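Here is the structure we will look at.
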Amino acid sequence: MNPQKNKGLRRFFLSTFAVDNATSIFILTAMILIFGVQSYKSMPKERFPEVTWPTVYINTPYFGNSAADIENLITRPIEKELQSLSGVKNIRSTSIQDYSVITVEFEADEDLDDAVRRVKDAVDLAKRELPNDLDQDPTVLDIDFSEIPIITVNVSGNYPNPQLKKYAERVQDAIEDIPQVNEVEMRGDLEREVKVDVDLLKMEARRVSFHDIQNAIANENLTMSGGELLTNDFRRAIRVKGEFETPEELENLIVKSEGQNPIYLRDIAKVTYGFKERTSIARMDQKPVISLDVIKRKGENLLYTIDRVREVVREVERTLPADIEVSFFNDQSIHTRNEVTNLENSIISGVILVVLVLLFFLGLRNASFVGLAIPLSMLMGIMILHMTGTTMNIVVLFSLILALGLLVDNAIVVVENIYRYMQEGYPPMEAAKYGASEVALPIIASTATTLAAFLPLAFWPGIMGEFMKYMPI
1 MNPQKNKGLR
11 RFFLSTFAVD
21 NATSIFILTA
31 MILIFGVQSY
41 KSMPKERFPE
51 VTWPTVYINT
61 PYFGNSAADI
71 ENLITRPIEK
81 ELQSLSGVKN
91 IRSTSIQDYS
101 VITVEFEADE
111 DLDDAVRRVK
121 DAVDLAKREL
131 PNDLDQDPTV
141 LDIDFSEIPI
151 ITVNVSGNYP
161 NPQLKKYAER
171 VQDAIEDIPQ
181 VNEVEMRGDL
191 EREVKVDVDL
201 LKMEARRVSF
211 HDIQNAIANE
221 NLTMSGGELL
231 TNDFRRAIRV
241 KGEFETPEEL
251 ENLIVKSEGQ
261 NPIYLRDIAK
271 VTYGFKERTS
281 IARMDQKPVI
291 SLDVIKRKGE
301 NLLYTIDRVR
311 EVVREVERTL
321 PADIEVSFFN
331 DQSIHTRNEV
341 TNLENSIISG
351 VILVVLVLLF
361 FLGLRNASFV
371 GLAIPLSMLM
381 GIMILHMTGT
391 TMNIVVLFSL
401 ILALGLLVDN
411 AIVVVENIYR
421 YMQEGYPPME
431 AAKYGASEVA
441 LPIIASTATT
451 LAAFLPLAFW
461 PGIMGEFMKY
471 MPI
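Listed below in structure tokens is the structure:
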């Protein structure tokens, strides 16, 4: 080939380096393929991105009071202290009969744990203005979407609640041993309690008040330290156990003394050991049921975690009585698996259709080169996302589908330009160098303009910005 023909032709260092070091590029391509597939398999798969919702709720019950009283006595004093907090976007309150609910919404960039701490401090300051006879202190809580149950395990059978609870606890312990599981919450079990049914007539006749009974029980139902005892050069800690273990011990409690005549609790009340009052009843196939809500650790693979839960539960089920039925409910993996699979199929179908269109216009060889660039580019992107700790969710998959067309455009331009140089008589290696170098800067510029259009999404404020930031990435 005439050297004069090469004069004035551009050379771009990346494309020139790639052509001159083909072996290194093949190795790099193989590494991208291997690590990309591995990253995809190990990436945590979620339905939606894990987004922290910076909202704190303050719940305060005060039974026997109207909505107007709740507003004046509870809601306004707490709101007054909350007004001084920084980073607050909005404060909403609802005062109804017997109940006050205050919602504090912070800016999206505020740390949720720090926000909860500051709200608790503000509520503590407001307590001095609240009524002294509150049923319970204000409760401060937040909602973490990563702590929403991913699956519910139901344990049912015709057994008394305490016996059914023992079987459910065996299943609970087995699930909690799974490393990916953060917590298993039990619902439907009856909580034990000691009931003191006071006879008002006897109490008034002996001049005993509820305050006397409450103080007597609180002061006696204690286990405290008795100091240390030095014996044979050893120091032994002494504990004085005073907690009640049986209802009979509570009945023999002296609540008040009148001269030489002690008044026992059994004289004015009846003590029974039973269960707390049920606020809800759950049954499955007309059988009592106890439910176990499984909460996974943050960042763990939802699909893998649920598969492990099902596997472990089936193993434990073999050790339970035959008439104990274990079933699953609210399985989040079903929706997640379907949506992820549908989007994956869309990506695969898109690649196939793109290659078919290219085959029609560019021919087999050129279409093959362009089609090869698509999965390699996506695998490289998946590998980088995995390194940054990003989960595979519908937003990420949708972004990959959107990027499919952008990848094809650049590849078509490069391949067609290389093919033009080959038709002009340049050897394949030289055509690859000059063809890619000639359009390198225009392609970089066009890609940069596309990125610039999506870049503002990364700075979108609020909760929506937390979802959309994955698209420009």
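Mapping to our numbering: the sequence shown position 25 is 25, numbers consecutive.
Yeah, the Cβ is synthetic: ideal placement off N, Cα and C, and Gly gets one too.
For clarity, every value in this text was computed on a predicted model and none was experimentally measured.
The alpha helix (DSSP H) enclosing residue i, as first and last residue numbers
i	result
Asp212	Phe210 to Glu220
Leu292	First-last for Leu292: Lys287 to Lys296, but that is the beta strand (DSSP E), not the alpha helix (DSSP H).
Tyr304	Leu302 to Glu317
Lys166	Asn161 to Glu176
Thr390	Neither: Thr390 is in no alpha helix (DSSP H) and is coded neither H nor E.
Tyr470	That residue, Tyr470, is in no alpha helix (DSSP H); it is neither H nor E in DSSP.
Ala431	Pro428 to Phe454
Ser66	It is not in any alpha helix (DSSP H) - Ser66 carries neither H nor E in the DSSP assignment.
Ser42	Ala22 to Ser42
Lys120	Leu112 to Ala126
Nonlocal neighbours in the same chain, by C-beta distance under 7 Å from residue i, ignoring five residues either side
i	result
Lys270	Asp197
Thr447	Asn410
Ala18	Ile25
Met464	none
Residue environment, residue i, which counts as buried when at least 16 other CB atoms sit within 10 Å
i	result
Arg118	buried
Arg306	Note on identity: in this sequence residue 306 is Ile, with Arg being the wrong assignment. Buried: at least 16 other Cβ atoms inside 10 Å.
Ala30	exposed
Ile96	exposed
Pro427	exposed
Gly363	exposed
Pro442	exposed
Phe360	exposed
Phe234	exposed
Phe229	Note on identity: in this sequence residue 229 is Leu, with Phe being the wrong assignment. Under this definition Leu229 is an exposed residue.
Ala440	buried
Gln180	buried
Ser209	exposed
Distance, residue j Cα to residue i Cα
i	j	result
Val294	Asn338	21 Å
Ile394	Phe48	6 Å
Leu57	Asp142	According to the sequence provided, residue 57 is Tyr. The question's Leu does not apply to it. One C-alpha to the other measures close to 6 Å.
Ala453	Thr319	59 Å
Glu176	Val354	47 Å
Glu249	Asn232	36 Å
Asn475	Phe328	The displayed coordinates of the chain run from 1 to 473. Any statement about residue 475 would go beyond what the structure contains.
Arg76	Glu245	43 Å
Glu424	Ala432	13 Å
Phe63	Asp69	11 Å
Glu477	Gly299	With the chain covering only 1 through 473, there is no way to say anything about residue 477.
Gly350	Val357	11 Å
Ala108	Thr449	28 Å
Ile178	Lys41	20 Å
Val312	Ser39	26 Å
Asn252	Pro262	10 Å
Lys296	Leu164	24 Å
Lys333	Thr272	A small fix is needed here, since residue 333 is Ser in this sequence, not Lys. Going by the C-alpha atoms only, they are around 45 Å apart.
Same chain only: Cβ atoms within 6 Å of residue i, ignoring 5 sequence neighbours per side
i	result
Arg187	Ser291
Glu193	Lys276
Phe459	none
Asp212	Val255 and Lys256
Arg236	Leu229
Thr16	Lys433
Leu457	Met468, Met471 and Pro472
Asn59	Val101 and Thr139
Lys202	Ile268
Cβ neighbours of residue i in the same chain (closer than 8 Å, five flanking residues each side left out)
i	result
Val37	Leu379
Ile32	Leu376, Leu379, Met380 and Met383
Glu169	Met186
Asn98	Correcting the residue type first, residue 98 is Asp in the shown sequence and not Asn. Cβ within range, chain order: Pro61, Tyr62, Phe63, Gly64, Asn65 and Ile70.
Ile347	Met378, Leu397, Leu400, Ile401 and Leu404
Extent of the continuous beta strand (DSSP E) to which residue i belongs
i	result
Asp142	Thr139 to Asp142
Lys195	Arg192 to Val198
Phe329	Glu325 to Phe329
Pro474	The first residue shown for the chain is 1 and the last is 473, placing residue 474 beyond what the model contains.
Arg92	Val88 to Ile96
Thr152	Ile151 to Ser156
Ile58	Thr55 to Pro61
Phe48	Note, Phe48: premise wrong, no beta strand (DSSP E); not H, not E.
Thr103	Tyr99 to Phe106
Glu183	Val181 to Arg187
Lys270	Ala269 to Phe275
Ile254	Ile254 to Glu258
Contact with chain C by residue i, beta-carbon distance below 8 Å
i	result
Asp135	Here chain C cannot be found, since the structure has a single protein chain.
(message) With a threshold of 8 Å, are at least 3 pairs of Cβ atoms found where one atom belongs to the stretch 211–218 and the other to the stretch 247–265?
(response) The stretch 211–218 is in contact with the stretch 247–265.
Subject >> Contact the stretch 321–333 vs the stretch 147–160: 3+ CB pairs below 8 Å >> reply: Yes: the two stretches touch, three or more of their Cβ pairs being nearer than 8 Å.
query = Are the stretch 433–448 and the stretch 403–419 touching by the rule of at least three beta carbon pairs closer than 8 Å?
reply = Cβ pair count under 8 Å is three or more, so yes.
If contact is defined by three or more beta carbon pairs under 8 Å, each pair taking one atom from either stretch, is the stretch 77–92 in contact with the stretch 119–133?
Judged by pairs of C-beta atoms under 8 Å, the stretch 119–133 touches the stretch 77–92, as three or more such pairs exist.
task = Say whether the stretch 87–105 touches the stretch 68–75, bearing in mind that this needs 3 or more beta-carbon pairs closer than 8 Å, one atom from each stretch.
result = Touching, per the Cβ criterion.
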